[in-house]
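Below is one structure; the comments refer to it alone.
Protein chains in written order, with our numbering: chain A, 162 to 497; chain B, 162 to 497.
Have a look at this one:
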């Protein structure tokens, strides 16, 4: 493809679109199942594969590239992670691309390369796709939407309604890295930093726990962060989620940016962490399993679910208590 | 939900987003499988259902509403049609929504109502979704992306490489209605009209043909229209596609708008038509089957695939010939 920038004609179904699909998309994402000439594709899932699970996610992160990832790798990780926390192994993805006229082809190439590398590492294949180009001013550069199909052991039941009072709450690593890394990449406050997004597949973390008998629920704390997952648990169980500030891992750089800008790290997005709720008897086992993995070496037991009104209580390091309210304003839009 | 317009906070994972999902999306699209609290959902497809087929599509049509449909019903029909022309019956859809800050909730409600009605008629369920809100100026009001999962008889093989020289080409109804209806709805040329989009499910049309032994290939001529489907056939077979202008159904109103603006109707999008390629022995049977359906009463045999160079030839009504070139410029962006 000779063009340096995407034009409207790259989305019209004609020659330029065909070249974009064949020479750019298929070059990065090609595999045995992706047939750029087909309307739909058969998925080779057999009975042995287990129960089929599906999820979908949109991505609008700005900037498109940041330390630790880009919107392409994020789409693979984010969608794969939604399957992983449901106890599934991801297999096949579909991809929708909305490109704003004028996007540099070079940027698109890097995004697709990031996507291809993440897909290869996760052993998933993109089996169907669609591309639309919108006029300059009608898009934010690039939006992606991915749907993921995975399989899990039939009968897997991980859900908020399985949580019981007394259960332990754990997190697999420091929170808020993604939110702050993306914010720093915007350079909008004159701040810069070395922080990388935590963006990664959580499949090793979720697979490690999947056969633990006391496992109730897992979720990746993305938009709205840890506090929002805690609220979902409180609302779903009608019980109190109690978190201990001293035990919640937060990197120094995240902490200091939050202090400077008045953000609360508990609401910041992660893209490679898991929150797990498990019977208290199995909590130590989770820590041992997670800490044996590179992805989980900073894992921590951070709180519990308790009898009490449906709310989220943070025990502060000074020994006090404060409520973590449900998120209202959006401190960082287009973070994922 | 009390807000009249969508705000960034409706996409942040917090309270307003939860209300938008629970009170607007779930009210229109709710079903037994859609769990707005789950990361991923199990799909109840059993062996009896046949081979699983998947497809995906993005929608950016402008305006969001037009005579005969809206972006919501279009997303259901467009994605369902991609499954239908692959010989499948649609079952489960996922939905991604990209909303531009400021969109009227009233418009969103009408779009979702259109989507719900189309889904109900097609007997498909939306089993997973995601919503993102982007800042004013970073989106075109509303974009949708849908992935559809369907099933078909194992071993169904409809593909361009099954086409043979001598095969007949048929279309199920008049072409270009969608393109012109959407263009008229923009009122950008001071033109108005009564024309409705042909937007509809083509499942009755495709199901009618699926057991015909000589059926080679079906496609819905959306972006790039009939000429683009013909080009795909010519390129895929390495043969000449010959179309007869006199036999191609085009409504008078489409014809006159095309004359006025210098458009070629063969490149205009349809959203409820099927192009079928079939052995010449079965062509009459296709016409009989289609004409017995309300969706196919203007069906016509419009041409054939012939030995010769890979190109598309139009026999004009005056007895001449012209090549239909591969689409280059985009006469009507954001048409689907």
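Using N, Cα and C, we set each Cβ at its ideal position, and we do this for glycine too.
Hey, could you find the ends of the beta strand (DSSP E) residue i is sitting in?
{"i": "residue 215 (chain A)", "result": "212–220"}
{"i": "residue 449 (chain B)", "result": "No beta strand (DSSP E) contains residue 449 (chain B), which is instead part of the alpha helix (DSSP H) from 444–452."}
{"i": "residue 286 (chain B)", "result": "286–295"}
{"i": "residue 467 (chain A)", "result": "461–467"}
{"i": "residue 311 (chain B)", "result": "303–313"}
{"i": "residue 400 (chain A)", "result": "Here residue 400 (chain A) belongs to no beta strand (DSSP E), and DSSP marks it neither H nor E."}
{"i": "residue 482 (chain A)", "result": "482–484"}
{"i": "residue 476 (chain A)", "result": "473–476"}
{"i": "residue 331 (chain B)", "result": "329–332"}
{"i": "residue 438 (chain A)", "result": "436–439"}
Could you name the residues of the same chain whose beta carbon sits closer than 6 Å to that of residue i, not counting the 5 residues immediately before and after it, in chain order?
{"i": "residue 212 (chain B)", "result": "313, 315"}
{"i": "residue 201 (chain B)", "result": "none"}
{"i": "residue 483 (chain B)", "result": "475"}
Check the C-beta distance from residue i over to residue j and give it rounded, since I have them as a contact under 8 Å.
{"i": "residue 222 (chain B)", "j": "residue 496 (chain B)", "result": "6 Å"}
{"i": "residue 292 (chain A)", "j": "residue 217 (chain A)", "result": "Not a contact, Cβ separation roughly 17 Å."}
{"i": "residue 339 (chain B)", "j": "residue 358 (chain B)", "result": "4 Å"}
{"i": "residue 319 (chain B)", "j": "residue 248 (chain B)", "result": "5 Å"}
{"i": "residue 169 (chain B)", "j": "residue 296 (chain B)", "result": "7 Å"}
{"i": "residue 331 (chain B)", "j": "residue 462 (chain B)", "result": "5 Å"}
{"i": "residue 219 (chain A)", "j": "residue 294 (chain A)", "result": "No, residue 219 (chain A) and residue 294 (chain A) are not in contact; Cβ-Cβ is about 17 Å, not under 8 Å."}
{"i": "residue 252 (chain A)", "j": "residue 311 (chain A)", "result": "6 Å"}
{"i": "residue 301 (chain B)", "j": "residue 299 (chain A)", "result": "4 Å"}
Within the continuous alpha helix (DSSP H) that includes residue i, where are the two ends?
{"i": "residue 418 (chain B)", "result": "413–422"}
{"i": "residue 251 (chain B)", "result": "Premise fails: residue 251 (chain B) lies in the beta strand (DSSP E), 250–261, not in any alpha helix (DSSP H)."}
{"i": "residue 373 (chain A)", "result": "It is not in any alpha helix (DSSP H) - residue 373 (chain A) carries neither H nor E in the DSSP assignment."}
{"i": "residue 409 (chain A)", "result": "First-last for residue 409 (chain A): undefined, no H or E at that position."}
{"i": "residue 232 (chain A)", "result": "232–246"}
{"i": "residue 277 (chain A)", "result": "266–283"}
{"i": "residue 341 (chain A)", "result": "338–347"}
{"i": "residue 187 (chain B)", "result": "187–190"}
{"i": "residue 131 (chain A)", "result": "Chain A is shown from 162 up to 497; residue 131 (chain A) falls before or after that span and cannot be answered."}
What does a CB cutoff of less than 7 Å around residue i pick up in its chain, not counting 5 residues either side in sequence?
{"i": "residue 328 (chain B)", "result": "377, 438, 439, 440, 441, 465, 466"}
{"i": "residue 458 (chain B)", "result": "452"}
{"i": "residue 400 (chain B)", "result": "326, 466, 467, 468, 469, 471"}
{"i": "residue 426 (chain B)", "result": "336, 337, 411, 415, 416, 419"}
{"i": "residue 180 (chain A)", "result": "162"}
Taking residue i as the query, report the chain A residues whose CB atoms sit under 7 Å from its CB, ordered along the chain.
{"i": "residue 425 (chain B)", "result": "Near residue 425 (chain B) there are no residues of chain A at all, since even the closest Cβ is about 12 Å away, more than 7 Å."}
{"i": "residue 490 (chain B)", "result": "170"}
{"i": "residue 301 (chain B)", "result": "295, 299, 300"}
{"i": "residue 175 (chain B)", "result": "385, 389, 487, 488, 489"}
{"i": "residue 397 (chain B)", "result": "198"}
So, is the C-beta of residue i closer than 7 Å to a C-beta in chain A?
{"i": "residue 308 (chain B)", "result": "yes"}
{"i": "residue 227 (chain B)", "result": "no"}
{"i": "residue 346 (chain B)", "result": "no"}
{"i": "residue 224 (chain B)", "result": "no"}
{"i": "residue 244 (chain B)", "result": "yes"}
{"i": "residue 259 (chain B)", "result": "yes"}
{"i": "residue 327 (chain B)", "result": "no"}
{"i": "residue 235 (chain B)", "result": "no"}
{"i": "residue 240 (chain B)", "result": "no"}
If I measure Cβ to Cβ from residue i and keep anything under 8 Å in the same chain, skipping five residues before and after, which residues do I get?
{"i": "residue 234 (chain A)", "result": "275, 276, 278, 279, 360"}
Whose Cβ in chain D lies nearer than 8 Å to the Cβ of residue i?
{"i": "residue 249 (chain A)", "result": "Of the protein chains in this structure, namely A and B, none is chain D."}
Any beta carbon of chain B sitting closer than 7 Å to that of residue i?
{"i": "residue 494 (chain A)", "result": "yes"}
{"i": "residue 218 (chain A)", "result": "yes"}
{"i": "residue 384 (chain A)", "result": "yes"}
{"i": "residue 266 (chain A)", "result": "no"}
{"i": "residue 215 (chain A)", "result": "yes"}
{"i": "residue 197 (chain A)", "result": "no"}
{"i": "residue 304 (chain A)", "result": "yes"}
{"i": "residue 204 (chain A)", "result": "yes"}
Find the residues of chain A that neighbour residue i, judging by a C-beta separation of less than 8 Å, and give them in chain order.
{"i": "residue 434 (chain B)", "result": "Those do not exist, as residue 434 (chain B) stays about 14 Å from chain A at its closest Cβ, beyond 8 Å."}
{"i": "residue 290 (chain B)", "result": "217"}
{"i": "residue 360 (chain B)", "result": "Those do not exist, as residue 360 (chain B) stays about 17 Å from chain A at its closest Cβ, beyond 8 Å."}
{"i": "residue 367 (chain B)", "result": "By Cβ distance, chain A contributes nothing, its closest Cβ being about 11 Å from residue 367 (chain B), past 8 Å."}
{"i": "residue 321 (chain B)", "result": "198"}
Just to make sure I have the definition right: I need the residues of chain B whose C-beta is within less than 8 Å of the C-beta of residue i. Which are they?
{"i": "residue 276 (chain A)", "result": "Correct list: empty, because the minimum Cβ distance to chain B is about 15 Å."}
Just to make sure I have the definition right: I need the residues of chain B whose C-beta is within less than 9 Å of the C-beta of residue i. Which are they?
{"i": "residue 221 (chain A)", "result": "172, 259, 293, 294, 295, 299, 300"}
{"i": "residue 380 (chain A)", "result": "200"}
Mind pulling the chain A residues with CB within less than 9 Å of residue i?
{"i": "residue 232 (chain B)", "result": "Correct list: empty, because the minimum Cβ distance to chain A is about 12 Å."}
Could you tell me which chain B residues have their CB closer than 7 Å to the CB of residue i, listed as they occur along the chain?
{"i": "residue 212 (chain A)", "result": "203"}
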